[in-house]
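There are 2 protein chains.
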Amino acid sequence: MIKSEAAQERLLDLALGLYRQFQEGVVPHIALPSRTKNNIEYSSKSDVWVYGDQETLRSVKTVRGAKTLLKTVHLAELLIKEHLKNNRGSTLREIYYISENWDLAKFHEQAESDRLIEDLEIVTSLQREDFHVRPEEDGAAVFGPLRLREETRRGSREMHCQEDVGEAGYQIPFNVETVQFLEHDAKMVMAIETGGMYARLIENGFDEEFGAVLVHLKGQPARSTRRIIKRLNAELNLPVVVFTDGDPWSYRIFASIAYGAIKSAHLSEHLVTPTAHFLGVQPSDIVDYNLSTDKLTDKDMHALRSELSDPRFNTAYWEKQIKLQLDLKRKAEQQAFAGKGLDYVTKTYLPERLSEMGLI
Amino acid sequence: MIKSEAAQERLLDLALGLYRQFQEGVVPHIALPSRTKNNIEYSSKSDVWVYGDQETLRSVKTVRGAKTLLKTVHLAELLIKEHLKNNRGSTLREIYYISENWDLAKFHEQAESDRLIEDLEIVTSLQREDFHVRPEEDGAAVFGPLRLREETRRGSREMHCQEDVGEAGYQIPFNVETVQFLEHDAKMVMAIETGGMYARLIENGFDEEFGAVLVHLKGQPARSTRRIIKRLNAELNLPVVVFTDGDPWSYRIFASIAYGAIKSAHLSEHLVTPTAHFLGVQPSDIVDYNLSTDKLTDKDMHALRSELSDPRFNTAYWEKQIKLQLDLKRKAEQQAFAGKGLDYVTKTYLPERLSEMGLI
Chain A
29 MIKSEAAQER LLDLALGLYR QFQEGVVPHI ALPSRTKNNI EYSSKSDVWV YGDQETLRSV
89 KTVRGAKTLL KTVHLAELLI KEHLKNNRGS TLREIYYISE NWDLAKFHEQ AESDRLIEDL
149 EIVTSLQRED FHVRPEEDGA AVFGPLRLRE ETRRGSREMH CQEDVGEAGY QIPFNVETVQ
209 FLEHDAKMVM AIETGGMYAR LIENGFDEEF GAVLVHLKGQ PARSTRRIIK RLNAELNLPV
269 VVFTDGDPWS YRIFASIAYG AIKSAHLSEH LVTPTAHFLG VQPSDIVDYN LSTDKLTDKD
329 MHALRSELSD PRFNTAYWEK QIKLQLDLKR KAEQQAFAGK GLDYVTKTYL PERLSEMGLI
Chain B
29 MIKSEAAQER LLDLALGLYR QFQEGVVPHI ALPSRTKNNI EYSSKSDVWV YGDQETLRSV
89 KTVRGAKTLL KTVHLAELLI KEHLKNNRGS TLREIYYISE NWDLAKFHEQ AESDRLIEDL
149 EIVTSLQRED FHVRPEEDGA AVFGPLRLRE ETRRGSREMH CQEDVGEAGY QIPFNVETVQ
209 FLEHDAKMVM AIETGGMYAR LIENGFDEEF GAVLVHLKGQ PARSTRRIIK RLNAELNLPV
269 VVFTDGDPWS YRIFASIAYG AIKSAHLSEH LVTPTAHFLG VQPSDIVDYN LSTDKLTDKD
329 MHALRSELSD PRFNTAYWEK QIKLQLDLKR KAEQQAFAGK GLDYVTKTYL PERLSEMGLI
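As given, the protein sequences belong to chains A and B, one line each in that order. The opening residue of the first sequence carries number 29 in the working numbering; numbering runs sequentially from there. The opening residue of the second sequence carries number 29 in the working numbering; numbering runs sequentially from there.
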């Protein structure tokens, strides 16, 4: 995590920039990359999707623009004076409420303050965690052969994620930059969509047998969860596989880990693991493993078709799998393997898939 | 937790009962309390709502009834042979999939298997945790002056819920009967609806200053969360206060902790904390603390009116508060206190409310 002083400095730079524009008689403004699907492009340098060159200008030329900049400055002041100077923090929701004392700069809804915080991330090239801004709910849990140290407000805590935690695992804090990886005996990271499968793998001792650090995604993963996966990959050089249900919504979970999202393209380099592999459930597994399935709904079909035109899924692999699923008109959950016995997933399916993928 | 052998015995008793009915030429059947709003009554012995005397008969007289009993017997066999004999477990979802090998007894949807598991809880007077059945997602988190020991599959783990956990706290396992409370320095348990407020109280050191064990409810609390609150209350003799948003849905969260739910009235004695107090946000706080509010929606108004006729809210306190809120037509979130400064909730609101309630 960047130090408080450095974060303060970047925020002050923003204020200084506006101040200078006033002094020089220029209409005060901030330039931001435009955050639309058209302005997202592939960075071959870092293997992730990032914003392109299109810019939006926030200027005080209009009343609306002036109000937005006023809010931005109030927000920067809060982050500097309350958060960084005092080593405090707030949730996104709390910030929305705090603004009620800002008179004309009061936020009308939380979406507005959330967006401005993202703007500040972009302008400063920092992450909201650097400003001590946290989401409502924290991240998910980790279980596996990994020893780590978390710097908490109450002091340093050292934990082994199998030996020093309960059966539910180590709870990821909202800001994983406070976590340092000390040592590990892992061969891979497996990110798992459902709590049921996470518990199944722990019960079956999969983490021990295959040296897997299991990360419970809890559905669409929080930023802290994506960040810890990225760090496990980058710092420990561990391959990452993603194990979800076999439906279009789950492919988007994978995409958010491996390719990032338009909304947070400015954070791609921090949050995205471009080498993450999709393990399953693949549409072809439905056939190969004769899985128990449900019929695709119209919404599912629509989501699959829209994925076919999503640049993130523009690969031969995804085209084949998505088209197969559109033909099958069926979807399967990861827990469907239970129909073949409680050990089938850990003794048969996962070893077969990992070996196909060249990971074991 | 009841030992595996005892749980097996109760399930075998069920099978034996059916077997004897066959032998004696009686049409095999199982009697269950009827699970409707009309058959729920107050037990002054244990201060919780329980099922009354009305019974439903499940008999094989009809094809449908016969199928249900067949499913029940298959399910009991799974729990005995796979779970209890081998010390294994499954999620509710996995059980639904496992049934695909049961031919005529295959469940058509998960709601069906969930209901039969509840039936088995009622018939055996046990909890599904005793059968090693777990939900999809596990419980919430705990932070406070409490040392506990959890018996995990990998051995015994001893943890202090301030000193040995990260900033996100101790993650409650799905089966809290594996947890033993060792020692504590607490004066109360505070159950908190949102992650944002839970993090606020930890950041502000409220747990240390007031000797509070903080329990994050994560919205409508899971069974494991309600169970650990009940056990903290019953075993450590700690008062329990519930701190939620000020809207009808949050009052139902409180009600599920303090009064139980119709669906799980058979578990009231295990899950319900009748002495739990509602701390806030109270409708009267909206006025007294001049909180930032939102307008009640039609759905909110409807929910409030339906609470007025719910026996669980049939007290002078709730009648006054709910009627006041219907007049105000406003609701407030617990994070609204942030508008008065980051310390207001821990330095002003909570101490005032706790002192009104005679707890400090």
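Glycine is no exception: its CB is placed at the ideal position from the N, C-alpha and C atoms.
Give the DSSP bridge partners of residue i, in chain order.
| i | result |
| --- | --- |
| Y79 (chain B) | B:I68 |
| F306 (chain A) | A:V270 |
| S87 (chain B) | B:H57 |
| L242 (chain A) | A:F171 and A:M218 |
| K109 (chain B) | Bridge partners of K109 (chain B): none, in fact. |
| K95 (chain B) | DSSP, once it has assigned bridges, lists no residue as partnering K95 (chain B). |
Kindly list, in the order they appear in chain B, the residues whose Cβ is closer than 9 Å to that of residue i.
| i | result |
| --- | --- |
| I145 (chain A) | Within chain B, no residue comes near I145 (chain A); the closest Cβ sits about 15 Å away, beyond 9 Å. |
| I200 (chain A) | G194 and A196 |
Measure the C-alpha to C-alpha separation of residue i and residue j and round it to an integer number of angstroms.
| i | j | result |
| --- | --- | --- |
| D213 (chain A) | L174 (chain A) | 7 Å |
| A289 (chain B) | A283 (chain B) | 8 Å |
| A227 (chain A) | A196 (chain A) | 8 Å |
| Y125 (chain A) | V101 (chain A) | 16 Å |
| L352 (chain B) | L324 (chain A) | 47 Å |
| L106 (chain B) | H136 (chain B) | 17 Å |
| P302 (chain A) | S74 (chain A) | 8 Å |
| G223 (chain B) | H244 (chain B) | 6 Å |
| L176 (chain A) | A59 (chain A) | 40 Å |
| R185 (chain B) | E149 (chain A) | 40 Å |
| T206 (chain B) | D326 (chain B) | 44 Å |
| I108 (chain B) | L40 (chain B) | 8 Å |
| H294 (chain A) | I68 (chain A) | 10 Å |
| G247 (chain A) | P163 (chain A) | 16 Å |
| A4 (chain A) | L132 (chain A) | The displayed coordinates of chain A run from 29 to 388. Any statement about residue 4 (chain A) would go beyond what the structure contains. |
| E178 (chain A) | R48 (chain B) | 60 Å |
| G194 (chain B) | C189 (chain A) | 12 Å |
| S296 (chain B) | W77 (chain B) | 7 Å |
Can you name the residues of chain B whose CB is closer than 7 Å to the CB of residue i?
| i | result |
| --- | --- |
| K129 (chain A) | Before going on, a small fix: residue 129 (chain A) reads as Asn here, not Lys. Within chain B, the residues near N129 (chain A) are G367. |
| Q248 (chain A) | Here the premise fails: no neighbours, minimum Cβ distance about 14 Å. |
| Q370 (chain A) | First, the amino acid is wrong: residue 370 (chain A) is Leu here, not Gln. Simply E110, R116 and S118. |
| A169 (chain A) | Q199 |
| A240 (chain A) | Here the premise fails: no neighbours, minimum Cβ distance about 15 Å. |
| A219 (chain A) | Result: empty, since nearest Cβ-Cβ is about 16 Å, beyond 7 Å. |
How would you label residue i, buried or exposed, when you count the other beta carbons within 10 angstroms and need 16 or more for buried?
| i | result |
| --- | --- |
| K258 (chain B) | buried |
| M382 (chain A) | At residue 382 (chain A) the sequence reads Leu, which differs from the Met that was named. By the neighbour-count rule (16 or more Cβ atoms within 10 Å), L382 (chain A) is buried. |
| H330 (chain A) | exposed |
| E263 (chain A) | exposed |
| L336 (chain A) | exposed |
| V91 (chain B) | exposed |
| S72 (chain B) | exposed |
| D158 (chain A) | buried |
| P276 (chain A) | buried |
| V55 (chain B) | exposed |
| V315 (chain A) | exposed |
| E231 (chain B) | buried |
| Q82 (chain B) | exposed |
| K359 (chain A) | buried |
| P339 (chain B) | exposed |
| S391 (chain A) | It is not possible to answer for residue 391 (chain A), since the shown part of chain A is limited to 29 through 388. |
| N261 (chain A) | buried |
| D328 (chain B) | buried |
| N115 (chain A) | exposed |
| Q51 (chain B) | exposed |
What does residue i touch in chain A if you count any residue whose Cβ is under 7 Å from its own?
| i | result |
| --- | --- |
| I281 (chain B) | Within 7 Å Cβ-Cβ: nothing; I281 (chain B) doesn't reach chain A, min ~15 Å. |
| G117 (chain B) | E231 |
| R121 (chain B) | G224 and Q363 |
| T301 (chain B) | Within chain A, no residue comes near T301 (chain B); the closest Cβ sits about 22 Å away, beyond 7 Å. |
| T180 (chain B) | G194 and E195 |
Can you pull the chain E residues whose beta carbon is under 8 Å from the beta carbon of residue i, in chain order?
| i | result |
| --- | --- |
| A364 (chain A) | In the structure shown, chain E cannot be found, because the protein chains are A and B. |
Please list, in chain order, the chain B residues whose beta carbon lies closer than 8 Å to that of residue i.
| i | result |
| --- | --- |
| E164 (chain A) | T222, G223 and G224 |
| A289 (chain A) | Those within 8 Å of A289 (chain A) in chain B number zero; the least Cβ separation is about 21 Å. |
Which residues of chain A have a Cβ atom closer than 8 Å to the Cβ of residue i, listed in chain order?
| i | result |
| --- | --- |
| S320 (chain B) | Y125 and E128 |
| E140 (chain B) | Simply none; closest approach about 15 Å. |
| E37 (chain B) | Simply none; closest approach about 23 Å. |
Give the residues of chain A in contact with residue i, contact being defined as C-beta atoms less than 9 Å apart.
| i | result |
| --- | --- |
| R185 (chain B) | E191, D192, V193, G194 and E195 |
Legend entry - Whole runs of the beta strand (DSSP E) within the stretch 267-351 of chain B, excluding any shorter than 3 residues: Fully contained in the stretch 267-351 of chain B are the following beta strand (DSSP E) runs of length 3 or more, in chain order: 268-271 and 305-308.
Legend entry - Complete beta strand (DSSP E) runs within the stretch 144-216 of chain A (minimum length 3 residues, chain order): Taking only runs of at least 3 residues, the beta strand (DSSP E) segments lying wholly in the stretch 144-216 of chain A are 169-171, 174-180, 183-188 and 207-212.
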